[in-house]
Structure formats: C-alpha cells, structure tokens
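Quick note on numbering: the UniProt record's numbering labels position 521 of the sequence shown as 521, and the sequence is numbered without any gaps.
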Amino acid sequence: MAAAPLRVLACGDVEGRLEAIFGRVRAIQAKSGRFDMLLCVGNFFGSTSEAEWADYRTGAKKAPIPTYVLGANNQDTLSYFPDVSGCELAENITYLGRRGVYSGCSGLQIAYLSGTEAQEQPAPAHSFSAKDVAELKTSLLSTPNFRGVDILLTSPWPRDVGTFANSAGEIDTKKCGSKLVSDLAASLKPRYHFAALEKAYYERLPYRNHMVLQETPQHVTRFIALADVGNASKKKYLYAFSIVPLSSMDPTELVKQPQDVTENPYRKLRKEAPKSKAPLCAEEEPACQFFFDLNKHQGKKRPSDGKERGDSQPKQAKKPPQPTGPCWFCLASPEVEKHLVVSIGTHCYLALAKGGLSPDHVLILPIGHYQSVVDLSSEVLEEVTKYKAALKEFFRSKGKRYVLFERNYRSQHLQLQVVPVPLDLCTSEDIKEAFIAQAQEQQIELLEIPEHSDIAQVAQPGTPYFYVELDTGEKLFHRIRGRFPLQFGRCVPRLPAALPCARRRARAAAVTSRRCVAGRCWRARRCWRSRSARTGGSAPPSGPRRRRRPAPSAASSSPSTSPSGTEAALRAAAPGGRGRRRAVTRQ
Numbered sequence: 001m002a003a004a005p006l007r008v009l010a011c012g013d014v015e016g017r018l019e020a021i022f023g024r025v026r027a028i029q030a031k032s033g034r035f036d037m038l039l040c041v042g043n044f045f046g047s048t049s050e051a052e053w054a055d056y057r058t059g060a061k062k063a064p065i066p067t068y069v070l071g072a073n074n075q076d077t078l079s080y081f082p083d084v085s086g087c088e089l090a091e092n093i094t095y096l097g098r099r100g101v102y103s104g105c106s107g108l109q110i111a112y113l114s115g116t117e118a119q120e121q122p123a124p125a126h127s128f129s130a131k132d133v134a135e136l137k138t139s140l141l142s143t144p145n146f147r148g149v150d151i152l153l154t155s156p157w158p159r160d161v162g163t164f165a166n167s168a169g170e171i172d173t174k175k176c177g178s179k180l181v182s183d184l185a186a187s188l189k190p191r192y193h194f195a196a197l198e199k200a201y202y203e204r205l206p207y208r209n210h211m212v213l214q215e216t217p218q219h220v221t222r223f224i225a226l227a228d229v230g231n232a233s234k235k236k237y238l239y240a241f242s243i244v245p246l247s248s249m250d251p252t253e254l255v256k257q258p259q260d261v262t263e264n265p266y267r268k269l270r271k272e273a274p275k276s277k278a279p280l281c282a283e284e285e286p287a288c289q290f291f292f293d294l295n296k297h298q299g300k301k302r303p304s305d306g307k308e309r310g311d312s313q314p315k316q317a318k319k320p321p322q323p324t325g326p327c328w329f330c331l332a333s334p335e336v337e338k339h340l341v342v343s344i345g346t347h348c349y350l351a352l353a354k355g356g357l358s359p360d361h362v363l364i365l366p367i368g369h370y371q372s373v374v375d376l377s378s379e380v381l382e383e384v385t386k387y388k389a390a391l392k393e394f395f396r397s398k399g400k401r402y403v404l405f406e407r408n409y410r411s412q413h414l415q416l417q418v419v420p421v422p423l424d425l426c427t428s429e430d431i432k433e434a435f436i437a438q439a440q441e442q443q444i445e446l447l448e449i450p451e452h453s454d455i456a457q458v459a460q461p462g463t464p465y466f467y468v469e470l471d472t473g474e475k476l477f478h479r480i481r482g483r484f485p486l487q488f489g490r491c492v493p494r495l496p497a498a499l500p501c502a503r504r505r506a507r508a509a510a511v512t513s514r515r516c517v518a519g520r521c522w523r524a525r526r527c528w529r530s531r532s533a534r535t536g537g538s539a540p541p542s543g544p545r546r547r548r549r550p551a552p553s554a555a556s557s558s559p560s561t562s563p564s565g566t567e568a569a570l571r572a573a574a575p576g577g578r579g580r581r582r583a584v585t586r587q
C-alpha cells in the first residue's frame with residue numbers, strides 16, 4: 001500500500017511577524033484542512049521580535065502546527081538560539097540546529113544548513129564554512145544506497161541557480177547566493193530546496209540530477225525562493241505542497257521527468273569542485289590526521305612529464321587542434337573554396353553548400369579546426385548559437401523553417417548543415433517523423449533528447465554520432481557504433497520531397513558552374529547584409545565585401561530590388577537565373 005502524502009507549508013523570512021504568519025496558517029487550515037508541519041527559512045526573528053515572541057516563549061500563545069526554523073543569519077538575533085545543536089524554542093516551535101538531517105517517523109528526510117556563508121575565518125556563529133558543508137555532505141553520502149533527500153532548507157540562495165532556467169526577475173543568480181549552497185544542493189539532490197533572504201519569490205523550473213543517456217535516470221529537484229512575510233508588494237511568502245517520502249515511493253514514479261525539466265545548473269561547479277577541494281582542506285586543517293600534508297607543494301601542479309619544474313609559465317588559451325592533412329573547410333586553408341563564403345564572424349563563418357539540397361542550403365562552420373560541436377570551445381559555441389538564431393529569423397521572414405543536422409563520422413571538420421524548407425509544404429513534426437521512419441527502416445536507433453539538454457551532455461569528445469535539430473528546439477541523436485550511411489541526412493524522404501524539383505535540378509547545374517555558384521554567393525551576401533541592416537546589426541558579422549559589379553540592364557532587374565526581394569535573390573541559382581547572371585557579367 002502506498003504511503004499517504006505529507007502536507008507541508010514552507011515560509012520565507014518571518015522577521016518576528018509571528019502573528020501574521022500563524023494567523024495565515026490558521027486561515028489556510030480552516031479552508032483546506034490540516035497540514036503536518038511548517039518549515040521556515042531565512043530570518044525567523046527580527047530586530048523588533050521581543051514583544052510578540054514573549055507570548056510564545058512563556059506559553060501564553062502556541063503555534064498552530066509543528067514549526068521548524070533555521071538559525072540566525074546575523075549577530076543581532078543570535079541570542080534567540082541558546083543551543084547551537086538545536087532545541088525547542090517554544091511549544092510547537094523547534095530550532096533545527098546549525099546543520100544536519102531531520103528524519104520524521106514518516107521517513108521524510110529534511111537536510112538543513114543554518115546561517116549565511118562565512119566571509120572570514122574562523123566563521124562567526126551565524127555563518128557556515130566549507131567545513132560545515134563538507135561534514136553535512138559526508139554524513140549523508142556515506143549512507144548505503146543514498147539517492148538524495150526529500151527537502152533541503154537553506155537561508156541563502158544557491159549561486160547560479162538560474163542557469164538553464166526561467167528568469168529570476170530582478171535577482172542576478174550569477175552574483176547572488178552562495179557557491180557552497182550550490183555544491184551542497186548538487187551533492188544531496190533534494191526533491192525540494194527552499195531558500196529566502198532576497199525578499200523575492202522565485203520558483204525555478206525543475207532540473208534533473210543525471211546526465212541524459214549517460215547516467216541512470218534520477219528524480220528532479222524543484223528550487224523555490226520565498227519572500228518575506230507581510231511584504232508590501234504582496235510577493236508569495238508561503239508555499240504549500242504534498243510529498244511522499246522518497247523511501248516510500250515507487251522508483252518508476254520517482255524518476256519520472258516533467259516536460260519542463262531543465263539541465264542541472266550546478267554541473268559546472270561540480271566539475272570545478274575537485275580542483276579546489278584538496279587545497280581547501282589543507283588550508284583549513286593542516287595538521288589533521290585524515291588529510292595529507294599538502295603545505296609543501298601547495299599551489300603547484302604536477303607537470304605532465306612527471307618532473308618538477310623550477311619556473312611556472314603563464315597559462316595560455318587552448319588552441320584548436322590542427323588538421324592532420326589538407327582540410328577543405330578551415331578558412332585559412334588554401335583548399336577552402338572561398339567563393340562559397342557568405343558571412344564571416346569572429347570564430348565561425350557561413351557558406352553555401354556545394355551541391356546543396358536547395359539554393360539556400362547553407363553550412364555553419366568554425367574558422368579554426370574542430371571536428372564536432374562537442375569539441376567546440378565556449379566562445380565558438382556561443383557564436384554558432386548566434387548564427388542559428390539569425391538563420392531561423394532570416395528563413396522565417398521568407399516563409400521557411402530550417403532543419404539542422406551534423407554527422408560526426410568520417411569527417412575531420414565540423415559541418416552544421418542547415419536546410420530551409422517552405423512552411424506550407426510540411427511541418428516540423430513531419431520532418432521529425434520522416435527522420436525517425438528512415439532511421440527505423442535502416443535499423444538506426446534515433447533517440448529524442450530533452451529540449452533543454454545540450455549535445456555535449458550526451459556525447460563525449462571523439463564519439464561518432466549523428467545529430468538533428470529542428471527549429472522548434474526538438475533534437476534527435478544517434479550514437480554511431482558501426483557503419484553508418486554517409487548520406488542519411490540528405491536522403492530522408494520528407495526533406496527532398498519538400499524541395500521543388502527545379503531547385504533539385506539546380507544542384508547539378510551549380511556543381512558544374514563555378515560562375516553560377518559565385519553569383520549565388522554574391523546575392524546571398526547582399527541578402528545577409530540587408531538583414532543585418534534591418535535588425536540593427538544583430539546578425540553575425542558579414543564577410544569581406546566584393547568589388548561592386550556593373551548594374552544589370554533595364555530588361556533584367558537586380559535581385560535585391562525585384563518585387564520578391566530576398567527570396568528572388570536566393571532563387572537566382574535556378575536554371576533561369578544563370579542567363580541573367582551572364583548578361584550582367586558581359587556588360
């Protein structure tokens with residue numbers, strides 16, 4: 001028989017307004033029934049709490065339900081908490097303690113950390129240090145078959161909690177909060193995490209605690225920050241929810257992922273943690289018998305050749321790997337066909353596809369030598385994202401949607417193929433089903449990646465794969481383990497069927513006529529520059545300007561001034577456009 005869910009209330013900064021919060025709790029219970037407990041994060045006491053608190057301390061008044069509070073966050077309220085390890089402050093009001101885990105008879109596990117992050121050593125009584133966080137983590141992670149806790153209570157927000165998520169409003173999550181709390185949340189994997197202190201309400205989208213396709217699925221975490229009680233802006237300060245203890249849940253139900261789940265915002269911090277862990281321990285407890293003495297070589301990194309170096313060299317930015325032979329796509333290579341280039345950015349460039357599926361089939365390529373998206377540095381990946389967004393907007397303005405695919409198999413330079421498809425010929429769902437059907441026909445396992453996931457979290461560098469991305473954000477992925485058809489992306493039935501026959505015939509003509517291709521590129525550059533001008537420069541930088549060509553005759557209007565505008569320019573690669581191009585050249 002499934003365990004009955006517990007009904008819980010969570011509250012933000014009370015700041016001594018006891019009558020306000022307990023009056024609100026009584027009203028909620030009168031309307032919705034009894035709740036099992038009230039959890040308070042942030043400042044429970046304020047600078048003017050004594051008058052109201054005296055009635056509860058003496059027993060003249062009583063809290064309506066069992067109430068659990070965190071400790072002081074400043075020196076002024078320390079006197080309200082006589083025992084650092086936790087105690088009953090008044091009837092039905094319990095101070096949990098400095099740090100630890102509260103386990104109820106129902107099996108519900110509540111991890112808690114009182115105070116704010118210490119800015120000095122030794123840590124004041126109202127603050128926590130890295131040692132406090134490490135001891136709390138150790139006490140739980142050493143438990144056999146540890147899967148996480150039900151609830152985590154902290155007063156500060158975790159740093160970077162807004163990464164991959166909905167906006168936190170006026171709160172900058174990259175500067176606000178504590179990195180130690182972020183590390184604690186990443187390790188303990190709470191199902192609910194409550195915080196306060198910022199006088200703001202923020203309910204983050206749930207985030208996952210595993211890497212898709214690489215780790216066993218786990219439950220998600222919901223972070224909720226609550227405002228202060230009785231705030232003038234009427235921001236939400238009380239949160240009601242029902243929860244079945246993790247130990248009593250069916251594993252299948254526990255790991256179900258909601259549709260709006262995002263990537264873990266603390267993954268980067270978790271990767272950085274091992275680098276700073278050893279020096280931190282040595283600095284805090286240099287004589288501790290449980291740690292090696294690292295003071296002698298503190299701050300040095302062992303050379304890769306195993307020898308000590310007398311001098312330290314400044315760390316230089318990592319350069320992209322160099323090709324082992326001639327590369328057709330490195331922009332600095334003499335092998336690249338530069339007449340196909342449409343736009344050049346800082347780290348990437350845009351080029352027409354040689355033998356594309358349509359005249360406006362383009363490639364996004366890194367200027368340096370990178371084999372796949374997984375290998376890209378952060379600045380290159382950021383510019384690729386800008387190009388994708390600009391192309392999506394550009395093609396939408398022409399009544400088209402795009403499908404993007406990459407094959408990291410038997411290729412040495414990243415090529416992101418971007419193929420536009422008219423909106424009225426097929427939907428994104430049609431294209432997705434076509435890829436899946438073609439994959440099933442060829443016994444290829446094409447898996448759907450969650451919307452907020454990144455390809456780098458699914459595939460490690462050097463892993464062969466095929467990847468599809470639709471303009472809706474939907475993504476499909478196949479890990480290549482053996483042989484793979486090189487033309488798979490180009491042969492999906494729905495994709496060529498959505499392209500007019502005249503454009504497919506233009507492919508053969510474009511391959512044999514360098515002059516025609518140069519004309520297409522020239523027109524595409526003009527289209528791209530005109531788009532940049534209209535959007536105030538939001539598009540990635542354009543490529544180098546070509547020498548201005550003579551104006552066409554009156555009988556043949558310029559593509560940029562024709563009634564159909566940009567679309568007519570991009571259609572100039574069709575057979576009818578070549579004669580007009582030659583007429584312009586002969587003038």
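Just so you know, even glycine gets a beta-carbon here, dropped at the ideal spot from N, CA and C.
What you are looking at is a predicted structure, and each value in this text was computed from that prediction instead of being measured.
In the DSSP assignment, Leu350 falls within the unbroken beta strand (DSSP E) covering Cys348 to Leu352.
Assignment of Leu357 by DSSP, reduced to helix, strand and coil, places it in the coil class. The DSSP assignment places no complete alpha helix (DSSP H) segment of no fewer than 4 residues inside the stretch 450 to 486. Between Asp228 and Asp76, the gap from beta carbon to beta carbon reaches 8 Å or more. The Cβ neighbour count for Asn209, taken over all protein chains shown within 10 Å, is at least 16; the residue is labelled buried. Under the three-state reduction of DSSP output, Cys527 falls in the helix class. Looking at the DSSP output, Asn408 bridges to Tyr465. At the C-beta level, Thr154 and Arg191 stay beyond 8 Å of one another.
Excluding its 5 nearest sequence neighbours in each direction, Arg407 has C-beta neighbours in its own chain below 6 Å: Phe466, listed in chain order.
Contact between Tyr349 and Leu376 fails: their C-beta atoms lie close to 14 Å from each other, not under 8 Å. Remark: C-beta atoms of Cys40 and Val84 do not approach each other more closely than 8 Å. Counting other Cβ atoms within 10 Å of its Cβ, Thr173 reaches 16 or more and is therefore classed as buried. In the assembly as shown, Leu486 is an exposed residue. Its beta-carbon has fewer than 16 other beta-carbons within 10 Å. Burial is judged here by how many other beta carbons sit within 10 angstroms of a residue's own beta carbon; Thr58 has fewer than 16 and is exposed.
By the neighbour-count definition (other C-beta atoms within 10 Å, threshold 16), Phe146 is an exposed residue. Distance from the CA of Ala130 to the CA of Asp183, rounded to the nearest whole angstrom, comes to 10 Å. Contact between Asn92 and Ala63 is confirmed by a C-beta separation of about 4 Å, below the 8 Å threshold. Two segments are said to touch when three or more pairs of C-beta atoms, one from each, lie closer than 8 Å; by this definition the stretch 396 to 414 touches the stretch 456 to 465. The three-state secondary structure of Phe44, taken from DSSP, is coil. Short of 6 Å from the beta carbon of Lys199, and not among the five residues preceding or following it, lie these beta carbons of its own chain, in chain order: Ala227 and Asp228.
In the structure shown, Cys87 adopts extended strand secondary structure according to DSSP, grouped into three states. Residue state for Tyr201 is assigned as coil, using DSSP reduced to three classes.
Beta-bridge pairing by DSSP links Ala195 to Ala225. Counting the other Cβ atoms within 10 Å of the Cβ of Asn166 gives fewer than 16, which makes it exposed. If you look at Leu391, you'll find it in the alpha helix (DSSP H) that goes Ser378 to Ser397. Scanning its chain for C-beta atoms nearer than 6 Å, with the 5 sequence neighbours on each side dropped, one finds around Leu89 the residues Tyr95, in chain order. Note on Glu253: under 16 other CB atoms within 10 angstroms of its CB, so exposed under the neighbour-count rule. When the alpha-carbon of His339 is set against those of His219, Ala351 and Ser139, the nearest one is in Ala351.
Around the CB of Gly399, fewer than 16 other CB atoms lie within 10 Å, so the residue is classed as exposed. In the three-state reduction of the DSSP assignment, Gln417 falls in the strand class, which pools E and B.
With a contact defined as Cβ atoms closer than 8 Å, Gly177 and Arg204 miss out at about 12 Å. Around the Cβ of Asp260, a 10 Å sphere holds fewer than 16 other Cβ atoms; the residue is exposed.
Taking C-alpha positions only, Ala185 is separated from Ser49 by approximately 31 Å. Collapsing the DSSP output to three states places Gly23 in a helix. A residue is called buried once 16 or more other Cβ atoms fall within 10 Å of its Cβ, and Ala27, having fewer, is exposed.
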